[in-house]
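Undergrad: Can you read through this structure? Questions will come right after.
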């Protein structure tokens, strides 16, 4: 390997120094073609057969966990399973190994190419397009050949885990203790890998486009997730420099953690609650440790993903009670299922052409009432902890809110009739994350107990940007005048109606954005636990007068470039030392 | 083939799965083309439209049983209903 540096997007800060290990690679480009000696051909064929069988088991397991309501998805997976188990597909690939003396990956790749040729000549467009299904199936097998969770289990030492992309389902069941850092080819500022890295307090770099071409398993690398770099085969000077930088960063982190239990309050006495966003129930232990004043957003999806069947009401009740109990008497806000086809069954979703605008979140729940009711029952029952609250995601208008509330009322009636202990007065809020909800915030505010502004989605929907698409992710502008006005309008509407408004989303954990949010007088900010100490420290050094002034100036700016420049200069002048180790979600190039 | 879209992915999957249950060698014949009925990929490449007549050929111990079962599947539209 020649020494070189590749760049990516830092999404979870820190530095790691160690060996690379690939969990998966993309199918098409990077498939290596290797000649196999005749002696090794039987072993290579066995490897191919095993990959088919493991991919089949994995798909079968996925199939088994599809709830009966999602018959469509089950049928798609059935088709894929039949393709995977097609005697011709395996036979063709095995023959290629035999006849050409090539490695399993290439043999399969070649088999797919041959099949593609046959399909291309089919007139029926629908059937012709089924080659895409064949391709998906082949990718699954290839991922079994090039490395996997399974392979990671056999590794003794800790590694820097690399992948083409990490889907939520890939990371379920990962042995966290073996992972020093994450690096992926795909992904953007707000992708899942970042959330995962931050919640595990593991450095992560995504969108490193040259990753797979430049790095092999076992290469020694430095992953710099402060600046977004991966240095391959570093020299001694670099090693020394980075060891030192790693030490300084970890020291700084330790330092701010010491002060993190102090309240989130500005110098001139404005109090803002700093809360935690949680994805995994286990993370709750870190919340108090890092100074979190409750849970502002618990994403309830994980317990639906890490398993073969649907969780039972009893399991959910226990999970929710434990969580609320762990932060009592601080508030614990549960967001009802926010799944779309991309999260529920990655790659085998509802085959929606545009899942972000599809049957997801509250819409999905309102279509699958048994799933929704089971969760609402569990939440109502966990509501006996008075600090628990629930909120609906992705509400677009009053009708959806009313529909959800009707289901909730029905659940309450049932629980009452069954004499099951629950809290009928559990506070109910909504996520404000669609532009439509912003526009009618005054109307919604009259009918809910609180608002939580989900900026990640709001920015996407307001600006029409898919944040995970690296070709447009630079247009994902948290401080776009339209976004700022949307947030301000929502906060004002909430306060006018006398309800609380919190803000969860990357913006809340961005040191440059927080002063503006304070200026808008949000009641709480909720963020990944890892970010709480740093943000609290910034809040405690600022004054509301400064924040007011900054907000006023920002609202006078006519475009986002001016806003970003103004915010960076102002915030950087006020707290230079605080920002040494921070990367902002604002575009840093202009500083 | 009574299914509206012809012998598309799902019926093809069902047909291949069913054929795989038998030991006999089972072929599906359309005009001069003959494919392995146990292979979904083979079946799909025939691209059989609705209303098309197919010939099933089986040879082996359980050939009769296989033909009866598979013929039946065609008749009830692979449980796909009218649409």
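Protein chains in written order, with this note's numbering: chain G, 286 to 876; chain D, 25 to 107. We put the beta carbon where it would ideally sit given N, CA and C, even for glycine. Values in this document were obtained by computation on a predicted structure and should not be read as measured data.
1) With DSSP as the reference, label residue 46/D as helix, strand or coil.
2) By the criterion of Cβ-Cβ separation under 7 Å, what are the contact partners of residue 353/G in chain D?
3) Given this structure, state the Cα-to-Cα distance separating residue 490/G from residue 824/G, to the nearest angstrom.
4) Give the secondary structure of residue 427/G by DSSP, where H, G and I count as helix, E and B as strand, and everything else as coil.
5) Note the first and the last residue of the continuous alpha helix (DSSP H) segment covering residue 71/D.
6) With a cut-off of 8 Å on the beta carbons, I'd call residue 249/G and residue 675/G a contact; round off their distance for me.
7) Using a 10 Å radius around the Cβ and a threshold of 16 neighbouring Cβ atoms, would you call residue 35/D buried or exposed?
8) Looking at chain G, which residues of the region 49–67 of chain D have a Cβ within less than 8 Å of any of its Cβ atoms?
9) Look up residue 460/G in the DSSP assignment and say whether it is helix, strand or coil.
10) Residue ranges of each alpha helix (DSSP H) run of no fewer than 4 residues wholly in the region 791–840 of chain G, ordered along the chain?
11) State buried or exposed for residue 346/G, treating a residue as buried only when at least 16 other CB atoms are found within 10 Å of its CB.
12) Which partner residues does residue 303/G have in the DSSP bridge list?
13) Are the beta-carbon atoms of residue 560/G and residue 297/G separated by less than 8 Å?
14) Can you have a look at residue 448/G and say buried or exposed, based on whether 16 or more other CB atoms are within 10 angstroms of its CB?
15) Just the Cα atoms here: how many angstroms apart are residue 398/G and residue 570/G?
16) Starting from residue 877/G, find everything on chain D with Cβ-Cβ shorter than 7 Å and list it in chain order.
17) Does residue 342/G have its Cβ less than 8 Å from a Cβ in chain D?
18) In the DSSP assignment, the beta strand (DSSP E) including residue 648/G goes from what residue to what residue?
19) What residues from chain G crowd round residue 87/D, counting only those whose CB sits closer than 8 Å?
20) Going by DSSP, what residue range makes up the beta strand (DSSP E) through residue 295/G?
21) Around the C-beta of residue 831/G, are 16 or more other C-beta atoms found within 10 angstroms, so that it is buried, or is it exposed?
22) What's the gap between the Cα of residue 314/G and the Cα of residue 595/G?
23) Going by beta carbon distance, what residues of the same chain come within less than 6 Å of residue 658/G, once the five residues before and after it are set aside?
24) Can you check DSSP and say which residues form a bridge with residue 60/D?
25) Please tell me whether, using a cut-off of 7 Å, the distance from the CB of residue 26/D to the nearest non-hydrogen atom of the ligand FMN is below it.
26) Identify, in the order they occur along the chain, each residue of the same chain with its Cβ nearer than 6 Å to the Cβ of residue 601/G, setting aside the five sequence neighbours on each side.
27) Residues in the region 389–409 of chain G with C-beta within 9 Å of chain D's C-beta atoms, listed in sequence order?
28) Determine which residues share a DSSP beta bridge with residue 514/G and list them.
29) Would you mind giving the Cβ-Cβ distance between residue 291/G and residue 618/G, rounded to the nearest angstrom? I have them listed as a contact below 8 Å.
30) Are the C-beta atoms of residue 92/D and some chain G residue less than 8 Å apart?
31) Less than 8 Å between the beta carbons of residue 763/G and residue 792/G, yes or no?
32) Taking a cut of 8 Å between CB atoms, which residues from the region 70–86 of chain D lie near chain G?
33) Determine whether the Cβ of residue 101/D lies closer than 8 Å to any Cβ atom of chain G.
34) So what's residue 784/G in DSSP terms, helix, strand or just coil?
35) Can you name, in chain order, every residue of its own chain whose Cβ lies under 6 Å from the Cβ of residue 630/G, other than the five neighbours on each side?
36) For residue 680/G versus residue 647/G, is the C-beta spacing smaller than 8 Å?
TA: Per the coordinate set shown:
1) Collapsing the DSSP output to three states places residue 46/D in coil.
2) Chain D residues near residue 353/G: none, gap ~16 Å exceeds 7 Å.
3) 27 Å
4) helix
5) Residue 71/D -> no alpha helix (DSSP H), and no H or E assigned at all.
6) Because chain G here runs from 286 to 876, residue 249/G falls outside it and cannot be looked at.
7) buried
8) Of all residues in the region 49–67 of chain D, 60, 62, 63, 64, 65, 66 have a Cβ within less than 8 Å of some Cβ in chain G.
9) coil
10) 799–804, 817–826
11) exposed
12) 506/G
13) no
14) buried
15) Their Cα atoms are separated by approximately 50 Å.
16) Only positions 286 to 876 of chain G appear in the structure, and residue 877/G is not among them; the question remains open.
17) no
18) For residue 648/G, no beta strand (DSSP E) encloses it; the enclosing alpha helix (DSSP H) starts and ends at 646–652.
19) Neighbours of residue 87/D on chain G: none; closest Cβ ~18 Å, over 8 Å.
20) 294–297
21) buried
22) Model confidence at residue 314/G stands at a pLDDT of 49, short of 50, so the residue's coordinates are unreliable and nothing is read from them.
23) 696
24) 51/D
25) Absent from the structure shown: the ligand FMN. Ligands present: none.
26) Scanning its chain for C-beta atoms nearer than 6 Å, with the 5 sequence neighbours on each side dropped, one finds around residue 601/G the residues 663, in chain order.
27) Listed in chain order, the positions of the region 389–409 of chain G with a beta carbon within less than 9 Å of a beta carbon of chain D are 400, 403, 404, 406, 407, 408, 409.
28) In the DSSP output, where bridge partners are listed per residue, residue 514/G has 292/G, 509/G.
29) Between residue 618/G and residue 291/G the Cβ distance is about 39 Å, and since that is not below 8 Å, they are no contact.
30) no
31) yes
32) Within the region 70–86 of chain D, the residues whose Cβ lies closer than 8 Å to some Cβ of chain G are 71, 73, listed in chain order.
33) no
34) Reduced to three states, the DSSP call for residue 784/G is coil.
35) Confidence in residue 630/G is poor, its pLDDT being 45 and thus under 50, which makes the residue's placement too unreliable to answer from.
36) yes
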